[in-house]
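K.L.:
Structure provided below as structure tokens; questions to follow.
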Amino acid sequence: MFRFSSIKDYHNALLNGQTTCVETVHYYVSQIKTAAHLNAYIEVFEQDAIARATELDNARKQNGMQGKLHGVVVGLKDVICYKGKTLTASSKILAGFTSLFNATVVDKLLAEGAIIIGRQNCDEFAMGSSNENSAYGPVLNHADNTRVPGGSSGGSAVAVQADLCMISLGSDTGGSVRQPADFCGIVGLKPTYGRISRYGLIAYASSFDQIGIFATNTEDVAIALEVISGADEFDSTVSNQPAPVCDFTEETGKKYKLAYFKEALEHPGLDPEIKAATEAFIKTLTAAGHDVQAVDFELLDYIIPTYYILTTAEASSNLSRYDGVKYGHRSSKPYEDLADFYKNNRSEGFGDEVKRRIMLGTFVLSAGYYDAYYTKAQRVRNMLRRKTQVVFNQFDAIISPTVPSPAFKISEKSNDPIEMYLADIYTVFANLVGIPGISLPLFKHSTGMPFGMQVMTSEMNEVPLLRLSKRLMQMAGLE
Amino acid sequence: MEITDSVFEQLANLSRLSFSEEEKQHIKSDLQRMVSFIEKLDEVDIADVPPLLFMSNAVNVWREDEVRGSVSNSEALQNAPQHDEAFFQVPKVIKK
Amino acid sequence: MDYSEKYEVVIGLEVHAQLATESKLFCGDATSFGAAPNTHISPITMGHPGTLPKTNKKAVAYAIKMGMACNCEIEKENYFARKNYFYPDLPKGYQVSQHTTPICKGGYVTIKTAAGARNVQLNRIHLEEDAGKSIHDINPDFTCLDYNRAGVPLIEIVTEPDLFSADEAYQYVTEVRKLVRWIGVCDGNMEEGSLRCDANVSIRLKGETKLGTKVEVKNLNSIRNVKKAIEFEIQRMIALVESGGKVQQQTRSFDASDDTTFAIREKEEANDYRYFAEPDLSPFSLSDELLNDIKNSMPTLPAALLQQYIAEYGLNEYDATQLCLEKETADYFSSLVSHTSNYKAAANWMNGPLRQYMNEHKLSFDSFALAPEKLAGLLKLVEEGQLNFSIASSRILPVMIETGKDAATIATELNLLQVSDSNELETWVNGVIEKMPDKVAEYKKGKKGLIGLFVGEVKKVSKGKADPKLVTSLLEEKLK
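Residue numbers (the working numbering), protein chains in the order written: chain A, 1 to 479; chain B, 480 to 575; chain C, 576 to 1055.
Now the structure itself:
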């Protein structure tokens, strides 16, 4: 009976004839059906996946195993373009929209033999931290169906958590991959800004968005990262640096210099168990010979306002294209003028959280408020970048909790947007300054829910980040 | 900074969003809370730090002047809510 | 009543020129005019979810060229910004343009006025993408949208309020059109919309330094209409003020059917465009090397070329100006004078018979069938006296253009070479003298004007081949 543990083991099983791609696809299709109540998938591409699996099995018989992701079953968050398939950003405003092209990451996945199994549920336009803002209904956490999986890439996280695919691609603008990875007890990586092409990723906040990877282990994250990274002629913001190739061997006995932000562990909103677990782990690290030090970070209280000013500003502009003119929802309500026509289409199509963020974004960009909010936030962002560079001059990595609390109950926080925003406090930092961050499922909460530790390194240093991550997972007995 | 009805109306108009009275009360109060929340930045004094405009150091990222990548007329109109064989269409509300 | 002594007008012009690149500013869709609707579009043009822009390198070079031609300061560090507003012909709900960092700053364009040459100060030239087209009159219920034009690269050339009459505005647009065509960045076709002009007009009492309330006038699709619209506006504004009213700040549209302007229904509030730096594009950092390369690739500009023609080729200002109206004309002339040193003749031929032929047949110097060397050949035959000017221009030239044969061949085939052989000439001259004894007698008595009649007769008898100069001197000698 097929049991997935890692891509490496899966490839061995294929080569040994212990399983086939077709059998694997059937397995996942059946898993997804059984777990339908989790609502992780909006659409399953059953026929396509079986056809592709058949092709791959034949090709493998003829030519051996080609492609780093040969036969690997991948799910895509409903913000990643897949040609010929419906794409909605979990929003009514894009109901029925068919993408005319593949995202660059999809082209890369397919070129390396991946099988795309389906389109995964998420918060509308990637705005949310609980996957409760979807036009398709909430996603449930597999570890406890009364709790949220996190967001915005809730469906993508649950799919890996509940064995509904091998890896998922989500997107991370302020923590939308790391936070659900934390809530669901899996590994979630947000790469450096510019590491992965954004061409074909529905834009939320252009200078923050990155496609991220969910997997059960660090090696699989590394393989996927290598496949989907790299230059792209269609994206002007992607780096020309070659895709990172992670060889996990390193000097045995390498000792790391790690920093953590003092204010982060002293934050009043931090769950005491999470605080204790983090502090204990720091002691473990120190005992193992690593140098772990506290670093001051007085700007901690300003990062969320800065984040929300800049992301809502960019989002308010990025979402202007959803107007019912060339595509998307068009209202049948009467209108007196063009402005009304637009208002009807957009107001019917967008959910409340999206509308809130568009309004706030419009506000901070408005004449009269622009300098006080938008420009100011850009200065703070610059300051944060500079301070971060100073930290990384001294340290290999920064560690922190991923989220101040474990997965909360469904509806517990959905009435209070501010409370929801504050929960992003540890993750938005990496998006603000553009560095890579990963959440590792090292711990368990007394509620039974998993929670993790976040590790961040400087720009373009995913390889050291993944090596360190593997070390930490090994220390926790998970790899 | 108070989000008055007038400010709210202006923002809604600029954003091309409309709200029922009930929705308006909700969103207006949420917006007020969000604005007060971001006002925390008033405490920071960093006028000498230039605003960060671009996340990458790359400059002059451009492409050659070549024709490629267009889609057919029918593909283009495929997702249009209202169209004929050649054009996208919107309701006619231009008043002379 | 003539109020021109009481009021003065101040005008600022915004000219949008579509850059003659093959592809759009931010994607690879074609830019050519006249394609079937919605066939030059892609997901990027339509603002589909997930699409991103990528700048067309040539568009940037063209913008810099225009800046150099207009004596602007090139802003080495510049970037794009989003201008946010909603309109059906704007697919993304924002236009990618430039706001605080236009690629060219300042500069000027020289125009000729009745009072002499003057520099019209520019404020800036910046790059931006064009919007699509809204067509209101082909369907009763719907406005039809064609996005072929959406994303085509534009440069927006903005003057300071530095024009002071409708005529100056006319001269300015004429000069801008000439320049963009000259340096090859735009075809300047106002009817097709590749060159568009909006005017900002205000009036004030003569001597007043503060600017009056300005009115924006749009939909000016020819240079003549620019002038007419401004003339109408001036009269309208003066009449308004004289009758006790105040000029309202508004946008007006020109109605070409009766040369008037009318107010376009105003939006309730002024647009807040919420400009911010475009995060999807990299900024530009233009190196000195790049700028030098572009500068070196620029042709000599018309004003400088004009002076060159006057100085080097001894042409008068009028002739030189005609040759510098369009670059293709100047290029042809420059080539022509490398094959002949009779510069004056070269200029006369181009400005005279050649221009006439081309106007009649609607040709242009752009890919003109008659190579300059061949024309030089024709000039040489005339210079040497083997052909007279009239035959050469009316009979040889057209055949050269139509068949591509050279002048000597055609003249020989058509038997049009002038005869200067004295024996043949003598025969003809003697023949005419014999035929017209009475007129000869009158001539000898003093009616010297009759020489023209005799020359004409010789011309007829020789079927135009007698060299009239030689005939004249021969006649004068014989009839002494």
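We put the CB at the ideal spot given by N, CA and C, even for glycine.
Could you say which of A:N16, A:I410, A:P406 lies nearest to S446 of chain A if we only look at CA atoms?
P.N.:
Position 446 of the first sequence, counting from 1, holds the residue named residue 446 of chain A. Here the closest residue by C-alpha is A:P406.
K.L.:
How would you label K574 of chain B, buried or exposed, when you count the other beta carbons within 10 angstroms and need 16 or more for buried?
P.N.:
Counting from 1 along the second sequence, the entry for residue 574 of chain B is found at position 95. Since pLDDT at K574 of chain B reaches only 49, below the 50 mark, its modelled position is unreliable, and the value read off the structure follows with that caveat. With fewer than 16 Cβ atoms within 10 Å of its Cβ, K574 of chain B is classed as exposed.
K.L.:
For the ligand GDP, any of its heavy atoms closer than 7 angstroms to the Cβ of A774 of chain C?
P.N.:
Looking for the ligand GDP in the displayed structure turns up nothing, as the structure carries no ligands at all.
K.L.:
Distance cutoff 8 angstroms, beta carbons only. Does S405 of chain A sit that close to anything in chain D?
P.N.:
The chain inventory of the structure shown lacks chain D, comprising the protein chains A, B and C.
K.L.:
Just to check my reading of the structure: I778 of chain C and I805 of chain C have Cβ atoms closer than 8 angstroms, yes? What is that Cβ distance to the nearest angstrom?
P.N.:
Translated into positions along the third sequence, residue 778 of chain C becomes position 203. Translated into positions along the third sequence, residue 805 of chain C becomes position 230. That belief does not hold up - the Cβ atoms of I778 of chain C and I805 of chain C are roughly 11 angstroms apart, past 8 angstroms.
K.L.:
Helix or strand or just coil, what does DSSP make of L531 of chain B?
P.N.:
Position 52 of the second sequence, counted from the first residue, corresponds to residue 531 of chain B. Looking at L531 of chain B - three-state DSSP - the assignment turns out to be coil, as it is neither helix nor strand.
K.L.:
I believe G188 of chain A touches F208 of chain A by the beta-carbon criterion, under 8 angstroms. Please report the beta-carbon distance rounded to the nearest angstrom.
P.N.:
Along the first sequence, read from residue 1 onward, the residue named residue 188 of chain A stands at position 188. Along the first sequence, read from residue 1 onward, the residue named residue 208 of chain A stands at position 208. About 16 angstroms; that fails the 8 angstroms criterion.
K.L.:
Of the residues A:A397, A:V221, A:D144, which one's Cα is nearest the Cα of G170 of chain A?
P.N.:
Residue mapping note: residue 170 of chain A aligns to position 170 of the first sequence, counting from 1. Per the Cα distances, A:V221.
K.L.:
When you compare the CB of Q378 of chain A with every CB in chain B, is at least one pair closer than 8 angstroms?
P.N.:
Numbered from 1 along the first sequence, position 378 holds the residue referred to as residue 378 of chain A. Output row for Q378 of chain A: interface = yes.
K.L.:
At the level of alpha carbons, what is the spacing between A559 of chain B and R724 of chain C?
P.N.:
Taking the first residue of the second sequence as position 1, residue 559 of chain B is located at position 80. Taking the first residue of the third sequence as position 1, residue 724 of chain C is located at position 149. Cα-Cα distance, rounded: 18 angstroms.
K.L.:
Roughly how many angstroms lie between the CA atoms of E482 of chain A and I616 of chain C, to the nearest whole one?
P.N.:
For chain A, the structure presents residues 1 to 479; residue 482 of chain A sits outside this window and is missing.
K.L.:
Does any residue of chain C have a CB that is nearer than 8 angstroms to the CB of F566 of chain B?
P.N.:
On the second sequence, residue 566 of chain B is found 87 positions in, with the first residue counted as 1. So yes, F566 of chain B belongs to the interface.
K.L.:
Using a threshold of 8 angstroms, state whether the C-beta atoms of K326 of chain A and F567 of chain B are closer than that.
P.N.:
Numbered from 1 along the first sequence, position 326 holds the residue referred to as residue 326 of chain A. Numbered from 1 along the second sequence, position 88 holds the residue referred to as residue 567 of chain B. In contact: K326 of chain A and F567 of chain B (Cβ atoms closer than 8 angstroms).
K.L.:
Can you tell me whether Q504 of chain B is buried or exposed? The criterion is at least 16 other CB atoms within 10 Å of its CB, across all chains shown.
P.N.:
Looking up residue 504 of chain B in the second sequence gives position 25. Its Cβ having fewer than 16 others within 10 Å, Q504 of chain B is exposed.
K.L.:
Could you tell me which chain A residues have their CB closer than 7 angstroms to the CB of Y669 of chain C, listed as they occur along the chain?
P.N.:
The residue you call residue 669 of chain C lines up with position 94 of the third sequence. In chain order: S317, S320.
K.L.:
Would you report the Cα separation of I211 of chain A and S797 of chain C, rounded to the nearest angstrom?
P.N.:
Taking the first sequence and counting its residues from 1, one reaches residue 211 of chain A at position 211. Taking the third sequence and counting its residues from 1, one reaches residue 797 of chain C at position 222. Roughly 50 angstroms separates the two Cα atoms.
K.L.:
Does DSSP put F851 of chain C in a helix, a strand or coil?
P.N.:
Residue numbering aside, residue 851 of chain C sits at position 276 when the third sequence is read from its first letter. Correct three-state label for F851 of chain C: strand.
K.L.:
Quick check: what's the CA-CA separation for D868 of chain C versus N646 of chain C?
P.N.:
Here the question's residue 868 of chain C lines up with position 293 in the third sequence. Here the question's residue 646 of chain C lines up with position 71 in the third sequence. For D868 of chain C and N646 of chain C, the distance between alpha carbons rounds to 16 angstroms.
K.L.:
Using the C-alpha atoms, what's the distance from M127 of chain A back to E843 of chain C?
P.N.:
Here residue 843 of chain C corresponds to residue number 268 of the third sequence, with the count starting at 1. Here residue 127 of chain A corresponds to residue number 127 of the first sequence, with the count starting at 1. Any reading at E843 of chain C must be qualified, since the residue scores a pLDDT of 44, below 50, and its modelled position is unreliable; the value itself is stated next. Distance between the alpha carbons of E843 of chain C and M127 of chain A is about 32 angstroms.
K.L.:
With a cut-off of 8 angstroms, does the C-beta of K629 of chain C fall near any C-beta of chain A?
P.N.:
Position 54 of the third sequence, counting from 1, holds the residue named residue 629 of chain C. True, the Cβ-Cβ gap to chain A drops below 8 angstroms.
K.L.:
With the cut-off set at 8 angstroms, would you say E650 of chain C and T676 of chain C are in Cβ contact?
P.N.:
For the purposes of this step, residue 650 of chain C is identified with residue 75 of the third sequence, where counting begins at 1. For the purposes of this step, residue 676 of chain C is identified with residue 101 of the third sequence, where counting begins at 1. Contact: yes.
K.L.:
Please report how far the alpha carbon of V148 of chain A lies from the alpha carbon of A181 of chain A, in whole angstroms.
P.N.:
Counting from 1 along the first sequence, the entry for residue 148 of chain A is found at position 148. Counting from 1 along the first sequence, the entry for residue 181 of chain A is found at position 181. Cα-Cα distance, rounded: 12 angstroms.
K.L.:
Rounded to a whole number of angstroms, what is the C-alpha to C-alpha distance between K123 of chain A and D172 of chain A?
P.N.:
Within the first sequence, the letter at position 123 stands for residue 123 of chain A. Within the first sequence, the letter at position 172 stands for residue 172 of chain A. It is Asp, not Lys, that sits at residue 123 of chain A in the sequence shown. Distance between the alpha carbons of D123 of chain A and D172 of chain A is about 12 angstroms.
K.L.:
Count the other CB atoms, across all protein chains shown, that sit within 10 Å of the CB of Y893 of chain C; report buried if there are 16 or more and exposed otherwise.
P.N.:
Translated into the one-based positions of the third sequence, residue 893 of chain C becomes position 318. Y893 of chain C comes out exposed.
K.L.:
Looking at the C-beta of E43 of chain A, does it have a partner C-beta in chain C at a distance below 8 angstroms?
P.N.:
The sequence position of residue 43 of chain A within the first sequence is 43, counting from 1. It does not: the Cβ of E43 of chain A has no partner Cβ on chain C nearer than 8 angstroms.
K.L.:
Determine, using beta carbons only, whether S857 of chain C comes closer than 8 angstroms to chain A.
P.N.:
For the purposes of this step, residue 857 of chain C is taken as residue 282 along the third sequence, with counting starting at 1. Yes - at least one Cβ of chain A is within 8 angstroms of the one on S857 of chain C.
K.L.:
Locate the alpha helix (DSSP H) running through R119 of chain A, then write down its first and last residues.
P.N.:
The count along the first sequence starts at 1 and reaches residue 119 of chain A at position 119. Taken as a continuous stretch (DSSP letters only), R119 of chain A belongs to no alpha helix (DSSP H), being part of the beta strand (DSSP E) at 115-120.
K.L.:
Assign D9 of chain A to buried or exposed, taking buried as 16 or more other Cβ atoms, counted over all protein chains shown, within 10 Å of its Cβ.
P.N.:
In the first sequence, the residue the question calls residue 9 of chain A occupies position 9. Burial call: exposed.
K.L.:
Under 8 angstroms between C-beta atoms, does D484 of chain B make it to chain C?
P.N.:
The sequence position of residue 484 of chain B within the second sequence is 5, counting from 1. Closer than 8 angstroms: no.
K.L.:
In whole angstroms, give me the CA-to-CA distance for I710 of chain C and L729 of chain C.
P.N.:
As a first step, residue 710 of chain C is located in the third sequence; it is residue number 135 there, counting from the start. As a first step, residue 729 of chain C is located in the third sequence; it is residue number 154 there, counting from the start. Cα-Cα distance, rounded: 21 angstroms.
K.L.:
Does the segment 195-202 of chain A touch the segment 542-557 of chain B, meaning 3 or more C-beta pairs lie closer than 8 angstroms?
P.N.:
No, the segment 542-557 of chain B does not touch the segment 195-202 of chain A.
K.L.:
By DSSP, does Y444 of chain A sit in helix, in strand, or in coil?
P.N.:
Locating residue 444 of chain A in the first sequence gives position 444, counting from the first residue. The identity of residue 444 of chain A in the sequence shown is Lys, whereas the question assumes Tyr. DSSP places K444 of chain A in strand when its eight states are reduced to three.
K.L.:
Please name the residue or residues paired with C772 of chain C in a DSSP beta bridge.
P.N.:
Looking up residue 772 of chain C in the third sequence gives position 197. DSSP output for C772 of chain C lists C:V590, C:L795 as bridge partner(s).
K.L.:
When the distance is taken between beta carbons, is R471 of chain A closer than 8 angstroms to L510 of chain B?
P.N.:
Mapped onto the second sequence, residue 510 of chain B falls at position 31. Mapped onto the first sequence, residue 471 of chain A falls at position 471. No; because the gap between Cβ atoms is not below 8 angstroms, this pair is not in contact.
K.L.:
Indicate whether the contact test is met: 3 or more Cβ pairs, each with one atom in the segment 151-168 of chain A and one in the segment 13-21 of chain A, closer than 8 angstroms.
P.N.:
Contact fails: fewer than three Cβ-Cβ distances are below 8 angstroms.
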